[in-house]
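In my numbering, the protein residues as written are 20 to 112.
Notes for the one structure printed next.
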Amino acid sequence: MLKYEYDHNVIQFNEIENGIDMEFRIHILQEEPYLDRIKKVQRVFEDNQVYTDVLFYIYANHEYRVIVRRDYYYDFILELMKQHLLQSVKWVE
């Protein structure tokens, strides 16, 4: 299992187990530069060959609902880290 940390002043995460998938509610509180970064994460998964790995639903006020297949959970978290939306990621037993 992964544990991650983020700056609560710029972004809010809510992770929910949704059957066989993981669901994230992400709210970007500070537009610059974080809005562009979440869009980069979205593009990474939209541009790959797997259409059902990560699905983004975009709402008003920079809110996102993201459905992540379990086998892409680590890829998604690490991409958030790569884009500096997370401050740290570590393995937890």
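Don't be surprised by glycine CBs; every beta carbon is placed ideally from N, CA and C.
In the displayed model, tyrosine 92 falls within a helix according to three-state DSSP.
For histidine 103, same chain residues with a beta-carbon under 7 Å away, outside a window of 5 residues either side, are Arg56 in chain order. Counting the other CB atoms within 10 Å of its CB gives leucine 21 a total below 16, which places it among the exposed residues. Checking the DSSP bridge columns, you'll see glutamate 34 partnered with Phe43. Annotation for leucine 54: the continuous alpha helix (DSSP H) segment containing it runs 50–65.
Between aspartate 66 and aspartate 90, the alpha-carbon positions lie close to 17 Å from each other. Within the model, the alpha-carbon separation for isoleucine 30 versus valine 108 is close to 16 Å.
By the Cβ rule, the region 23–38 does not count as touching the region 59–76, because fewer than three pairs are nearer than 8 Å.
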